[in-house]
Structures are given as C-alpha cells and as structure tokens.
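Novice: Can you keep this structure in mind? I'll have questions shortly.
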Amino acid sequence: MIRKILLVFIMLTISIKAQYNVLQNFEGLQSYDGVIVFGNGNASILAACSGFTSWSQSYSANESSGGLAIDFSALPVKQKSNGQKITVSVKYKKTANLSGSLYLTLNTFDPVKELWSISVISSKNITSSAVSKCTSFSEELPVGKVLEDNLASGSKYSIGAFFQRSTGSGTIYFDDLSIIQEVVSTVPGCATFVSPANESVINYGQTHISWPAVSGATKYQLKIGASSNASGVLNMIVPATNLSMDVILKKRTTYFAKVIPMNSIGDAINCNEISFSTNSDINYCGPVGITNVEPITYVNFAGIDHVSAAETGGTAHEFFTESKGIVETAKTYKIDLNGNTDGDFTSQYVVFIDWNQNGSLNDPGEVYFADGTLMQTDSDGVTSIPVYGDIVVPEGAKSGSTRIRIKKAYYDGEVSDNNPCNLTTDYGQFEDYSLTIKEPVLKTDNVTKDLISLYPNPFQDVLKISDLKGVKNISIKEVSGRILKNMKPSAELNFAHLKAGLYIITLYMKDGTMQSRKVIKK
Numbered sequence: 018m019i020r021k022i023l024l025v026f027i028m029l030t031i032s033i034k035a036q037y038n039v040l041q042n043f044e045g046l047q048s049y050d051g052v053i054v055f056g057n058g059n060a061s062i063l064a065a066c067s068g069f070t071s072w073s074q075s076y077s078a079n080e081s082s083g084g085l086a087i088d089f090s091a092l093p094v095k096q097k098s099n100g101q102k103i104t105v106s107v108k109y110k111k112t113a114n115l116s117g118s119l120y121l122t123l124n125t126f127d128p129v130k131e132l133w134s135i136s137v138i139s140s141k142n143i144t145s146s147a148v149s150k151c152t153s154f155s156e157e158l159p160v161g162k163v164l165e166d167n168l169a170s171g172s173k174y175s176i177g178a179f180f181q182r183s184t185g186s187g188t189i190y191f192d193d194l195s196i197i198q199e200v201v202s203t204v205p206g207c208a209t210f211v212s213p214a215n216e217s218v219i220n221y222g223q224t225h226i227s228w229p230a231v232s233g234a235t236k237y238q239l240k241i242g243a244s245s246n247a248s249g250v251l252n253m254i255v256p257a258t259n260l261s262m263d264v265i266l267k268k269r270t271t272y273f274a275k276v277i278p279m280n281s282i283g284d285a286i287n288c289n290e291i292s293f294s295t296n297s298d299i300n301y302c303g304p305v306g307i308t309n310v311e312p313i314t315y316v317n318f319a320g321i322d323h324v325s326a327a328e329t330g331g332t333a334h335e336f337f338t339e340s341k342g343i344v345e346t347a348k349t350y351k352i353d354l355n356g357n358t359d360g361d362f363t364s365q366y367v368v369f370i371d372w373n374q375n376g377s378l379n380d381p382g383e384v385y386f387a388d389g390t391l392m393q394t395d396s397d398g399v400t401s402i403p404v405y406g407d408i409v410v411p412e413g414a415k416s417g418s419t420r421i422r423i424k425k426a427y428y429d430g431e432v433s434d435n436n437p438c439n440l441t442t443d444y445g446q447f448e449d450y451s452l453t454i455k456e457p458v459l460k461t462d463n464v465t466k467d468l469i470s471l472y473p474n475p476f477q478d479v480l481k482i483s484d485l486k487g488v489k490n491i492s493i494k495e496v497s498g499r500i501l502k503n504m505k506p507s508a509e510l511n512f513a514h515l516k517a518g519l520y521i522i523t524l525y526m527k528d529g530t531m532q533s534r535k536v537i538k539k
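The numbering of the sequence shown is the numbering used here, which starts it at 18 and goes up by one.
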C-alpha cells in the first residue's frame, strides 16, 4: 500500500494565488513545503541537476513504486488553478540495473478514504541502463483539465512524478520539479457554433451541438431554449476539454442557442444567439467507432431474424433498419443473440430500445441486460449456442416505428455501462434494427395459438403441427442460430434430409409475435 507523508519545508516558489506556479529544486537538505511523498525517499547530494541536492528514491522487489507531488493547498500561500494550460516537467538521473515506467501524474485526493488517486499525464519507458546526465521529462495539461470547481468538497489536486519498477533494483534522483500554469488577464472572446448552423433545419432526437475552442476559455456555458435568450431546454457548464454536447430535441420545434466562453477573470460579453428548427425525421447517435470489431452474428427478436458475417475486423456499427420487428405493449418477447468473441473471451450484450421515440436510447426503462445477465464466452458466432433473454414491452410505449440497438462489448471484469453511443473496452460491435410498436389487440385465436404444439417429439422424419391458425411462416434452425430452411405453414413438415440432433422450430405469427420450440430428430 502506498504511504502518504505530508512534509512542510522550505521551497523555491513564486507565491501567486491565481494559478499554479512552483519550482521545487530540493535545496537545503531539509523538508520541503507542500511535497507529498509516495513511498520512501530523502534529499541527496549525490546526483543533483541544479544546485547541490536532489530527491532520491530507491526501488526493488520490495519497494516497487513511488514518487512525489506538490500539494498546492499545503504551500505557504495556497495556490488555485485558473484552468489554463499547465506545463509539468521534472529532471532525473538513475543508477544502472533498474527498469520500469516513469510517469508525470495528476492526483486527486479523496477526503473520505484519505487517499490519493493517481492519474497519468504522460509516461516514459526507462531501460536498465544508467542515466548519468540530467534528463528532462515534460508534458502539458490542456486548458480546462484542472479546475478545483469540478472537485467534490474536501478534495484537491496535486501534480508530480511517479515510478513503477519492472525489473532490477536501483535509485532515481528527481530534481527541478516544475509546474507552471499560463497566466490570464482578460475574459475570453465569443464562440461561433460549428453545428447546427444559424437558421438551419435539422433532424430531431439526439442532436450534436459543437463549437470551436476559444483562446483563454476554461469552460463554456451552453444555453438552449424555446424562445430567445431562454435556457429552459438546457443550461449547462461544459469544461474546455469538451467542445460539444449531445442534446435531445423535439420534432417540429424552433430552438434558440448561445454558447458563452468563461475563465477565471469572467465571461465573454455580448455573444450572439442562433436559432434553428427541427423537422419530422429522427436522429440517433452514431455510427459508433470501434478499433477491434468482434461482430454480432445473429439477432432474433419479434420477427427480426438476421444473420451477419462472423469474421472479426468488419464494420464497427452496422445498420440493418430494413429488418423490422413488431411488438405489442405489455407483452414479453424473447431475444436470441450470437456473436464472435475472438477466442476464449467473454462478451456482454446490452439492448437499447427507444420506447418513447425521442431519439434517446437510454431513458429509464429503455436499457436491457446492462447488469451483465446476457454473457457469452468462447464463441465463434456460428457453431456456438446463442444466448437469450426476455424483453418486456412497457405498457406506456409509444405506438409507431422506433429503433432498437444491440451492443456487444468485451467483458473485462466490469459490466458494460448503459451508454448506447460508446464502447469503453474497444472490443465488440453495434447493430441497429427497426421496431414497430402496436397497442395490444384482443383476438379470438389467441387461445388456439397458445395451444399450438409440435409432435411427435422426438420425431423420425415428419413433424406435425397441431394448429396453423395465425401462423405466417416457419423456420428451422440449428442450435447455433443458423437458419436451415424457411417454410410456408403446413400441418406436416418433412425433415427426412436432416441428421439426427437438436433443432429449433420457430413459428412466426401474423400478429408479429413468434413461438420457438426445441425438437429432437431421431
């Protein structure tokens, strides 16, 4: 466990409250103001880069990691980030035989756990060769990355250097740890929207709002309303690390939007407002980009019966919206899914359905199996047995045409998030289909349909169906999900050509529902 030692000593520092500005050169062989030590270390006169002393930390199999950082709240005059760009640098020397990774880090203090969470700014591979000359390692933190306003109460930042040993043992000498933040003296200028354009007409639903970076801005206030200078639709502060936002908009509506750049001095003045309107065509997020595509190969749900290629490395997000399913409110439907996990790995499936048809796929009640209940391991997507689950259509689902999205994601020990627009593990695929939602209709053949049976089971060559009322068509599949044959309804089905084994018969009903039965051919 990393130990935390807060040392309060003399340091060379420019005491400016408005931004970070620290140069720690470890002079004086004494303690140093605001320095946090992770692990064990001490001042040393053996390998200074400037002056006479440096900071020495030794690493071995028993002490494999450690470093140091500046806690800006522990300086004689506390320093607060102004949100501008920060240049972080450190100089170092190293003895031979020790190898590993050197990091520049941005650390966040958790006041509840009383621990520092270490985040990497930049990393550098360190070989086992000795480093006898002072070597500099530097990186920049972008505008808007470090803002105390974004922290929870009692939390704070520190910035420093950290080493993780790989092999061997030895010592690293740190010196001249510099953390310099740009100074700002004026408010930023205004921004012009990239999208949507002023007076444009766009699709409703999930809408991408974006703007360019403005020099000196550390955050942006985005306002959207249904009238001029209003913010009833959205009023949000966005950090400068994000220059866009996805917003759900209604159909056939006029909107007014304004983005106001901000910094520690103040807000941009007299920024222009734009207006735009939405039409009757819906928009969803995507296509989603994925580096390592491990495909979905089979989807069977409410009349959707789709097989796609099992090879890895294909299209990250495929749209099969011409394949349409039909569901009724308050009914339960089975979904069968298959996919290629590219070896002995596990994939998780998450299903998103836009029941209220507003363009968002993850409103409450629209996400299924995000808790990890639909997993598949070591599947080639062809001969493997599909996984399945039940989807209950909400009673309040809006009638009409909507979108269903299937997300397949590599399971790395944590269940997938419920984000239909992103894949954090970068192994998987997305597929989109269409779905028609209908109100339930009472039918006189419902009792008959529920009593449909297939017999005899097991069968020799001919399989019989007890009642064909309401049956639209029939398919027979292997247990892998591969369709062997689609057939018109018939009271007797001849399967003399099939090998002995287990098969799945699916009855597709005229009302859009389906029934599946497992049968055994002797």
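The beta-carbon is built from N, C-alpha and C at its ideal position, and this holds for glycine as well.
To the nearest angstrom, how far is the alpha carbon of Ser-145 from that of Ala-64?
Specialist: The residue given as residue 145 occupies position 128 in the sequence shown. The residue given as residue 64 occupies position 47 in the sequence shown. C-alpha separation (whole angstroms): 17 Å.
Novice: Could you check the C-alpha separation between Val-399 and Thr-358 for me, to the nearest Å?
Specialist: Residue 399 sits at position 382 when you count from the first residue of the sequence shown. Residue 358 sits at position 341 when you count from the first residue of the sequence shown. One C-alpha to the other measures close to 11 Å.
Novice: Could you give the DSSP three-state label for Ala-243: helix, strand or coil?
Specialist: Locating residue 243 in the sequence shown gives position 226, where the first residue counts as 1. Correct three-state label for Ala-243: coil.
Novice: Whole-angstrom Cβ separation of Val-305 and Leu-391, contact assumed at under 8 Å?
Specialist: Position 288 of the sequence shown holds residue 305. Position 374 of the sequence shown holds residue 391. Between Leu-391 and Val-305 the Cβ distance is about 19 Å, and since that is not below 8 Å, they are no contact.
Novice: Can you look up Glu-165 in the DSSP assignment and give me helix, strand or coil?
Specialist: Counted from its first residue, the sequence shown places residue 165 at position 148. DSSP places Glu-165 in helix when its eight states are reduced to three.
Novice: Taking Cβ to Cβ, would you say Lys-505 is nearer than 8 Å to Ser-492?
Specialist: Position 488 of the sequence shown, counting from 1, holds the residue named residue 505. Position 475 of the sequence shown, counting from 1, holds the residue named residue 492. It is not a contact, given that the beta carbons lie outside the stated cut-off.
Novice: How about Pro-205 and Pro-312: do their beta carbons lie closer than 8 Å?
Specialist: Working through the sequence shown from its first residue, we reach residue 205 at position 188. Working through the sequence shown from its first residue, we reach residue 312 at position 295. Not a contact, by the Cβ cut-off of 8 Å.
Novice: Find the nearest neighbour of Asn-114 within the set Phe-180, Lys-97, Ile-143 and Thr-125, judged by alpha-carbon distance.
Specialist: Counting from one through the sequence shown, the residue named residue 114 turns up at place 97. For the residues Phe-180, Lys-97, Ile-143 and Thr-125, the minimum Cα distance to Asn-114 belongs to Ile-143.
Novice: Run through DSSP, which three-state label would Ala-91 get?
Specialist: Taking the sequence shown and counting its residues from 1, the one referred to as residue 91 is at position 74. The answer is helix: DSSP assigns Ala-91 an H, G or I state.
Novice: Taking only three categories from DSSP, how would you classify Leu-378?
Specialist: Within the sequence shown, numbered from 1, the residue matching residue 378 stands at position 361. DSSP places Leu-378 in coil when its eight states are reduced to three.
Novice: From the DSSP secondary-structure annotation, give me the bridge partner or partners of Thr-271.
Specialist: The count along the sequence shown starts at 1 and reaches residue 271 at position 254. Thr-271 is bridged to Ser-294.
Novice: Please determine, among Ser-73, Tyr-272 and Val-231, the residue with the shortest C-alpha to C-alpha distance to Lys-240.
Specialist: One-based indexing of the sequence shown puts residue 240 at position 223. Considering only Ser-73, Tyr-272 and Val-231, the residue with the shortest C-alpha distance to Lys-240 is Tyr-272.
Novice: Would you mind reading off the limits of the beta strand (DSSP E) that contains Asn-220?
Specialist: The residue given as residue 220 occupies position 203 in the sequence shown. Where Asn-220 is concerned, the enclosing beta strand (DSSP E) stretches over 218-227.
Novice: Using a 10 Å radius around the Cβ and a threshold of 16 neighbouring Cβ atoms, would you call Asn-355 buried or exposed?
Specialist: To locate residue 355, count along the sequence shown from 1; it is residue 338. Counting Cβ neighbours within 10 Å, Asn-355 comes out buried, since at least 16 surround it.
Novice: Find the nearest neighbour of Thr-477 within the set Ile-500, Glu-509 and Ser-136, judged by alpha-carbon distance.
Specialist: Taking the first residue of the sequence shown as 1, we reach residue 477 at position 460. Note that residue 477 is Gln in the sequence shown, not Thr. The option with the nearest alpha carbon to Gln-477 is Glu-509.
Novice: Identify whether Glu-157 lies in helix, strand or coil by the three-state DSSP scheme.
Specialist: Here residue 157 refers to the residue found at position 140 when the sequence shown is read from its first residue. In this structure, Glu-157 counts as strand in the three-state DSSP scheme.
Novice: Please classify Ile-547: does DSSP put it in a helix, a strand, or coil?
Specialist: Only positions 18 to 539 of the chain appear in this structure, which leaves residue 547 out of reach.
Novice: Looking only at its own chain, which residues have a Cβ that is under 6 Å from the Cβ of Thr-523, when we skip the five neighbours before and after it?
Specialist: The residue you call residue 523 lines up with position 506 of the sequence shown. For Thr-523, where only same-chain residues beyond five positions count, the Cβ hits under 6 Å are Ser-492, Met-531 and Ser-533.
Novice: Tell me, please, which residues DSSP counts as bridged to Lys-130.
Specialist: Position 113 of the sequence shown, counted from the start, is the residue given in the question as residue 130. According to DSSP, Lys-130 bridges with nothing at all.
Novice: Identify, in the order they occur along the chain, each residue of the same chain with its Cβ nearer than 6 Å to the Cβ of Val-276, setting aside the five sequence neighbours on each side.
Specialist: Here residue 276 is taken as the residue at index 259 of the sequence shown, counted from 1. For Val-276, the CB contacts under 6 Å within the same chain, skipping 5 residues up- and downstream, are Ala-208, Trp-228, Tyr-237 and Leu-239 in chain order.
Novice: Looking only at its chain, what residues have a beta carbon closer than 6 Å to the beta carbon of Ile-408, apart from the 5 residues adjacent to it on each side?
Specialist: Here residue 408 corresponds to residue number 391 of the sequence shown, with the count starting at 1. Excluding sequence neighbours, Ile-408 sits near Tyr-350, Ile-352 and Tyr-385.
Novice: Contact criterion: CB-CB distance below 8 Å. Does Met-262 meet it with respect to chain E?
Specialist: In the structure shown, chain E cannot be found, because there is only a single protein chain.
Novice: Near Asn-436, which residues of its chain fall below 8 Å by C-beta distance, leaving aside the five closest residues on each side in sequence?
Specialist: Taking the sequence shown and counting its residues from 1, the one referred to as residue 436 is at position 419. Excluding residues within five positions, the ones whose Cβ falls inside 8 Å are Asn-379.
Novice: Could you tell me the distance, in whole angstroms, from the CA atom of Ser-202 to the CA atom of Asn-99?
Specialist: The count along the sequence shown starts at 1 and reaches residue 202 at position 185. The count along the sequence shown starts at 1 and reaches residue 99 at position 82. Using only the alpha carbons, I get a separation of about 11 Å.
Novice: When DSSP labels each residue in this structure, what does Asp-371 get in the three-state scheme?
Specialist: Looking up residue 371 in the sequence shown gives position 354. If DSSP states are grouped into helix, strand and coil, Asp-371 belongs with coil.
Novice: Cα-Cα, which of Val-316, Ser-292, Val-410 and Glu-335 is closest to Thr-346?
Specialist: Locating residue 346 in the sequence shown gives position 329, where the first residue counts as 1. Nearest of Val-316, Ser-292, Val-410 and Glu-335 to Thr-346, Cα basis: Val-410.
Novice: Could you pull the start and end residues of the beta strand (DSSP E) that Val-344 belongs to?
Specialist: To locate residue 344, count along the sequence shown from 1; it is residue 327. 334-345 is the extent of the beta strand (DSSP E) around Val-344.
Novice: Counting only runs that start and end within the segment 450-515, where is the alpha helix (DSSP H) found for 4 or more residues in a row?
Specialist: 463-467
Novice: Tell me which same chain residues have a C-beta within less than 8 Å of the C-beta of Ala-214, skipping the five on either side of it?
Specialist: Here residue 214 is taken as the residue at index 197 of the sequence shown, counted from 1. Here the set comprises Ile-291 and Phe-293.
Novice: Measure the CB-CB distance between Lys-341 and Ile-321 and report whether it falls below 8 Å.
Specialist: Position 324 of the sequence shown holds residue 341. Position 304 of the sequence shown holds residue 321. Cβ atoms of Lys-341 and Ile-321: closer than 8 Å.
Novice: Under the rule that 16 or more other beta-carbon atoms within 10 Å means buried, what is Glu-383, buried or exposed?
Specialist: Here residue 383 refers to the residue found at position 366 when the sequence shown is read from its first residue. Its Cβ being crowded by 16 or more others within 10 Å, Glu-383 is buried.
Novice: For a quick check, are the C-beta atoms of Thr-104 and Gly-161 less than 8 Å apart?
Specialist: As a first step, residue 104 is located in the sequence shown; it is residue number 87 there, counting from the start. As a first step, residue 161 is located in the sequence shown; it is residue number 144 there, counting from the start. Cβ distance not < 8 Å, so Thr-104 and Gly-161 don't count as in contact.
Novice: Please report the Cβ distance between Val-310 and Thr-332, rounded to the nearest whole angstrom; I am assuming they are in contact, meaning their Cβ atoms lie under 8 Å.
Specialist: Start at 1 with the first residue of the sequence shown, and residue 310 comes out as number 293. Start at 1 with the first residue of the sequence shown, and residue 332 comes out as number 315. About 7 Å separates the two Cβ atoms, so the contact holds.
Novice: What separation, rounded to the nearest whole angstrom, lies between the Cα atoms of Lys-460 and Gln-374?
Specialist: Counting from 1 along the sequence shown, the entry for residue 460 is found at position 443. Counting from 1 along the sequence shown, the entry for residue 374 is found at position 357. Confidence at Lys-460 is low in this model, with a pLDDT of 48, below 50, so its placement is unreliable and the value that follows should be read with caution. Roughly 27 Å between the two C-alpha positions.
Novice: Grouping DSSP H, G and I as helix and E and B as strand, with all else coil, what is Pro-419?
Specialist: The residue labelled residue 419 in the question sits at position 402 within the sequence shown. Per the sequence presented here, residue 419 reads as Thr, with Pro not at that position. Note: Thr-419 maps to strand in three-state DSSP.
Novice: If you compare alpha carbons, which of Thr-329, Leu-164, Tyr-525 and Asp-193 is closest to Pro-256?
Specialist: Mapped onto the sequence shown, residue 256 falls at position 239. Cα-wise, what sits closest to Pro-256 is Leu-164.
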